[in-house]
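S.K.:
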Amino acid sequence: MSNEWPLWEVFIRGQHGMAHRHVGSLHAPDAELAVNHARDVYTRRNEGVSIWVVKADDITASAPGEKGPLFEPANSKVYRHPTFFDIPDDVGRM
Amino acid sequence: MYAQEVKSTGKGVKSLDEMEPIERAFQEKVNAGIKIEPKDWMPEGYRKTLIRQISQHAHSEIVGQLPEGAWITRAPTLERKAILIAKVQDEAGHGLYLYCAAETLGVSRDQMTEQLLSGKAKYSSIFNYPTLTWADIGAIGWLVDGAAIMNQVPLQRCSFGPYSRAMIRVCKEESFHQRQGYDIMMKLCNGTQAQQEMAQDALNRWWQPSLMMFGPSDAQSVHSAQSMAWKIKQDTNDELRQKFVDQTVPQAKYLGLCVPDPDLKWNEEKGGYDFGEIDWEEFFEVVAGNGPCNADRMAARRKAWSDGAWFRDGLMAHAHKKQTRNVAAE
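Chains as they are written, first to last, in the numbering used here: chain A, 327 to 420; chain B, -4 to 325.
1. Can a CB atom of chain B be found closer than 8 Å to the CB of A:Trp334?
2. Tell me, please, whether the CB atom of B:Gly88 is closer than 8 Å to any CB atom in chain E?
3. I'd like to confirm the pairing. Which residues does DSSP put opposite B:Phe279 in its beta bridges?
4. Taking Cβ to Cβ, would you say B:Glu63 is nearer than 8 Å to B:Ile135?
5. Is the stretch 61 to 76 of chain B touching the stretch 107 to 117 of chain B in the sense that three or more CB pairs, one from each, lie closer than 8 Å?
6. Which residues does DSSP pair with A:Gly350 in a beta bridge?
7. Of all the options B:Leu61, B:Val83, B:Gln246, which has the alpha carbon lying nearest to the alpha carbon of A:Asp366?
8. Figure out for me which residue from B:Phe306, B:Gln215, B:Thr108 has the closest Cα to the Cα of B:Arg297.
9. Give the DSSP bridge partners of B:Lys30, in chain order.
10. Closer than 7 Å, Cβ to Cβ, to anything on chain B: give me those residues from the stretch 345 to 357 of chain A, in chain order.
11. Within 8 Å (strictly less), CB to CB, does B:Glu98 reach chain A?
12. Could you tell me which chain B residues have their CB closer than 8 Å to the CB of A:Val367, listed as they occur along the chain?
13. Could you say which of B:Tyr268, B:Ala77, B:Pro287, B:Gly271 lies nearest to B:Glu277 if we only look at CA atoms?
14. Fully enclosed by the stretch 33 to 74 of chain B, which alpha helix (DSSP H) runs are 4 residues long or longer?
15. Mark A:Asp412 as exposed unless 16 or more other C-beta atoms lie within 10 angstroms of its C-beta, in which case mark it buried.
16. Could one say the Cβ of B:Cys95 lies closer than 8 Å to chain A's Cβ atoms, at least one of them?
17. Quick one: what does DSSP say A:Phe411 is sitting in, helix, strand or coil?
18. For B:Gln151, which option in B:Lys226, B:Leu183, B:Ala189 has the closest C-alpha, if you only look at C-alpha atoms?
19. Assign B:Lys265 to buried or exposed, taking buried as 16 or more other Cβ atoms, counted over all protein chains shown, within 10 Å of its Cβ.
20. Note down, in chain order, every chain B residue with its Cβ under 9 Å from the Cβ of A:Pro390.
21. Nearest chain B C-beta to A:Asn362 closer than 8 Å, yes or no?
22. Would the stretch 219 to 236 of chain B count as touching the stretch 201 to 210 of chain B if we require 3 or more Cβ pairs under 8 Å?
Next up, the structure:
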């Protein structure tokens, strides 16, 4: 049982012009068959118009421990959001 | 349910004060409804319990194709046949979503397959009963998928992200299964007397096994408390079973069928039905491997696995060869 097919992560673009979104994973011997399998496993109900597959081993992910250093600096930069600025109603639409 | 015999490995439920800081932080996340993701720290018991539960659930989906698959060649019309193929294909898909969720916890697909084929891993007792007539296909969709939905809807809120997301996909697809089953039952119940009797006979045989799907009664399932504290499980077996009975009895009445339980009675006070004691001896026998079809189901899975070996290996060899050629060409 050592000859296991490698794991692929599957990304599908939905109908309405959204970006490809991760939907799950599957095993397949190569990229071409991974796309074929993804079609059967993840788009049986017209869920998508495009499929990406990526070998799971090729994905680099941030570590859960890095969550603080990576994302906390953004917390103090509230001025990046438009609601930070008070614009008088008289100015009209902006 | 689809994982009726999951024993969590934790030793009783610890209070927050008894926990080490890292476990306490984990439990507080769970309590706050924040999802646990594969790379996050988690107690070993949580990991083991989830691997067992998700893999049993996956095995159930895969083995669950067999009783229904037996009727694909004998479906009464071309339309029913196409629907049944789609339904059985969905079950395969559900198994695959779940295997992938389990793999994020560090168990490999081959390990899980090996555990199923060696008999070490369990699958739901319900799939060890035979499908004798076409009405059984109706009864399975209506009752078995109905019970499955009842169990899977709360699992969408499970604390483990990949399991929760797999359940969301499964639930979206599952209600087609139940409706197609009920549709078969309606057709039969509006048919000839022989067809009505066939429908009643299917209900008679599938009712008790369907109630058993929810697992042993709360009094007997000692591991529920830890799973509930970890939010792997949201409702107790008996709560879900009661909900299922209350929902299903009126559906049987609509069909003009009689639920095969002389003790079934509406209880005004509790706002639900009282029902007879379940034959737990039969349940434990089936789980232990002594049900009517256990041997057939396992034999079919082993045959599929070994018959497919040359194909899986061949495709892998082809992929390696192609890769080597591409590297050489560069």
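Where is the CB? At the ideal position from N, CA and C, for every residue including glycine.
M.R.: Based on what the coordinates show:
1. One-based indexing of the first sequence puts residue 334 of chain A at position 8. For A:Trp334, the answer is no, since every Cβ of chain B falls outside 8 Å of its Cβ.
2. Absent from the structure: chain E. Protein chains present are A and B.
3. Start at 1 with the first residue of the second sequence, and residue 279 of chain B comes out as number 284. DSSP, once it has assigned bridges, lists no residue as partnering B:Phe279.
4. The residue given as residue 63 of chain B occupies position 68 in the second sequence. The residue given as residue 135 of chain B occupies position 140 in the second sequence. Cβ atoms of B:Glu63 and B:Ile135: closer than 8 Å.
5. no
6. The residue given as residue 350 of chain A occupies position 24 in the first sequence. Its beta-bridge partners are A:Val336.
7. Position 40 of the first sequence, counted from the first residue, corresponds to residue 366 of chain A. Among B:Leu61, B:Val83, B:Gln246, the Cα nearest to that of A:Asp366 is on B:Val83.
8. As a working mapping, residue 297 of chain B is identified with position 302 in the second sequence. Among B:Phe306, B:Gln215, B:Thr108, the Cα nearest to that of B:Arg297 is on B:Thr108.
9. To locate residue 30 of chain B, count along the second sequence from 1; it is residue 35. Answer is none; B:Lys30 lacks a bridge partner.
10. Gly350, Ser351, Leu352, His353, Pro355, Asp356
11. As a first step, residue 98 of chain B must be located in the second sequence, where it is residue number 103. Yes - at least one Cβ of chain A is within 8 Å of the one on B:Glu98.
12. Taking the first residue of the first sequence as 1, we reach residue 367 of chain A at position 41. The contacting residues are Gly88, Leu91, Tyr92.
13. Position 282 of the second sequence, counted from the start, is the residue given in the question as residue 277 of chain B. Per the Cα distances, B:Pro287.
14. 39 to 58, 60 to 64
15. The count along the first sequence starts at 1 and reaches residue 412 of chain A at position 86. Classification of A:Asp412: exposed, given that the 10 Å Cβ count is below 16.
16. Walking along the second sequence from the start, residue 95 of chain B turns up at place 100. It does: the Cβ of B:Cys95 has a partner Cβ on chain A nearer than 8 Å.
17. Locating residue 411 of chain A in the first sequence gives position 85, counting from the first residue. A:Phe411: coil per DSSP, three-state reduction.
18. Along the second sequence, read from residue 1 onward, the residue named residue 151 of chain B stands at position 156. Of the candidates B:Lys226, B:Leu183, B:Ala189, the one whose C-alpha sits nearest the C-alpha of B:Gln151 is B:Lys226.
19. In the second sequence, the residue the question calls residue 265 of chain B occupies position 270. Exposed.
20. Counting from 1 along the first sequence, the entry for residue 390 of chain A is found at position 64. Neighbours of A:Pro390 on chain B, chain order: Glu32, Lys34, Asp35, Trp36.
21. Counting from 1 along the first sequence, the entry for residue 362 of chain A is found at position 36. No, A:Asn362 lies away from the interface with chain B (no Cβ there is under 8 Å from its Cβ).
22. yes
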